[in-house]
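> What follows is a single structure, and I will ask about it in a moment.
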Amino acid sequence: MIKEIIIIALLLASGFFFFVGTIGLLRMPDAFSRMHATTKSDTLGAGLAFSALMIYRGFDVVSIKLLIVLIFVWLTTPTAAHIIAKATYNERNGESK
Amino acid sequence: MDSFLTGIAIYLAVLFIFCLYRAYKGPQAADRVVAINVISTKVTVIIAIVAIVTHQDAFIDVALIYAMTGFIATISVSKYIEKKKLF
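Chains E and Y supply the protein sequences, listed in that same order.
Each residue of the first sequence is one higher than the last, beginning at 0 in numbering that gives the first Met the number 0.
Each residue of the second sequence is one higher than the last, beginning at 0 in numbering that gives the first Met the number 0.
Written as structure tokens, this is what we have:
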């Protein structure tokens, strides 16, 4: 019972953060602002969703795999945003190497 | 509980459509890359939820490979934006 309440709360929080990221992607005026809105909220939303799935599944091989996917998403999403921001900044300011 | 997880997956798929609107409309290439990156994260979560709901444990590996593919696509397009060539 308490487990299901925790899972539902984590999934609803995940849905809220994904919704905030999508609204920021649609409404923000600039590419850097859109990056700023989506990266953090998507990282947190994916973390909450994978945590909910891990709690739902219990301690298992599948849960370990979900943890690996979660760590990978947490590593790659900020890195991808940093690379996009650097490429866009260098393109606009004419510092192409 | 399975129906709630399915509902969350459908909700993420609906958000996916709005992100796809930004990928279609975006004025510059950077906006499209950001939208595709967001879509990749959402699809990873959707695949993981579907794997848990349908009890197909091998689908978790599909989610991991999809996350890797999205990251490589983002890096490739960013390099193309910055250097105007891939290699």
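Ideal placement from N, C-alpha and C gives every residue a C-beta, glycine not left out.
Please read all numbers here as calculations on a predicted model, not as lab measurements.
1) Give me the Cα-Cα distance between GLY20/E and ALA80/E, rounded to the nearest whole angstrom.
2) Short of 7 Å Cβ to Cβ, which residues in the stretch 26-58 of chain E face chain Y?
3) Between which two residues does the alpha helix (DSSP H) carrying GLY93/E extend?
4) I need the DSSP call for ALA57/Y, collapsed to helix, strand or coil.
5) Mind pulling the chain E residues with CB within less than 8 Å of ILE74/Y?
6) What residues in its chain sit with their C-beta under 7 Å from that of ALA30/E, if we drop five residues either side in the sequence?
7) Is LYS2/E buried or exposed, if buried means 16 or more other CB atoms sit within 10 Å of its CB?
8) Is the CB of VAL19/E under 8 Å away from at least one CB in chain Y?
9) Measuring alpha carbon to alpha carbon, tell me which of ALA8/Y, ASP56/Y, VAL49/Y and SER39/Y ends up nearest ASP62/E.
10) When DSSP labels each residue in this structure, what does VAL65/E get in the three-state scheme?
11) Listing by chain order, which chain E residues have their CB less than 8 Å from the CB of LEU23/Y?
12) Among PHE58/Y, ILE71/Y, THR5/Y and VAL44/Y, which has the Cα closest to the Cα of LEU69/E?
13) To the nearest angstrom, how far is the alpha carbon of LYS82/Y from that of GLU90/E?
Straight from the coordinates:
1) As a working mapping, residue 20/E is identified with position 21 in the first sequence. As a working mapping, residue 80/E is identified with position 81 in the first sequence. Using only the alpha carbons, I get a separation of about 14 Å.
2) ALA30, ARG33, MET34, THR37, ASP41, ALA45, ALA48, PHE49, LEU52, TYR55 and ARG56
3) Position 94 of the first sequence, counted from the first residue, corresponds to residue 93/E. Taken as a continuous stretch (DSSP letters only), GLY93/E belongs to no alpha helix (DSSP H), as it is neither H nor E.
4) The residue you call residue 57/Y lines up with position 58 of the second sequence. Coil.
5) In the second sequence, residue 74/Y corresponds to position 75, counting from 1. Under the 8 Å cutoff, chain E gives ALA79 and ILE82.
6) Locating residue 30/E in the first sequence gives position 31, counting from the first residue. Only THR87 meet the Cβ criterion.
7) One-based indexing of the first sequence puts residue 2/E at position 3. That one is exposed.
8) Within the first sequence, residue 19/E is the residue found at index 20, counting from 1. For VAL19/E, the answer is no, since every Cβ of chain Y falls outside 8 Å of its Cβ.
9) As a working mapping, residue 62/E is identified with position 63 in the first sequence. Looking at the sequence provided, one finds Ser at residue 62/E rather than Asp. Of the candidates ALA8/Y, ASP56/Y, VAL49/Y and SER39/Y, the one whose C-alpha sits nearest the C-alpha of SER62/E is ASP56/Y.
10) To locate residue 65/E, count along the first sequence from 1; it is residue 66. Here residue 65/E turns out to be Leu, not Val, going by the sequence shown. If DSSP states are grouped into helix, strand and coil, LEU65/E belongs with the helices.
11) What you label residue 23/Y is simply residue 24 of the second sequence in a count that begins at 1. Looking at the sequence itself, residue 23/Y is Tyr, so the reference to Leu does not match. Those do not exist, as TYR23/Y stays about 12 Å from chain E at its closest Cβ, beyond 8 Å.
12) Within the first sequence, residue 69/E is the residue found at index 70, counting from 1. Closest by alpha carbon: VAL44/Y.
13) Along the second sequence, read from residue 1 onward, the residue named residue 82/Y stands at position 83. Along the first sequence, read from residue 1 onward, the residue named residue 90/E stands at position 91. The alpha-carbon atoms of LYS82/Y and GLU90/E are separated by roughly 8 Å.
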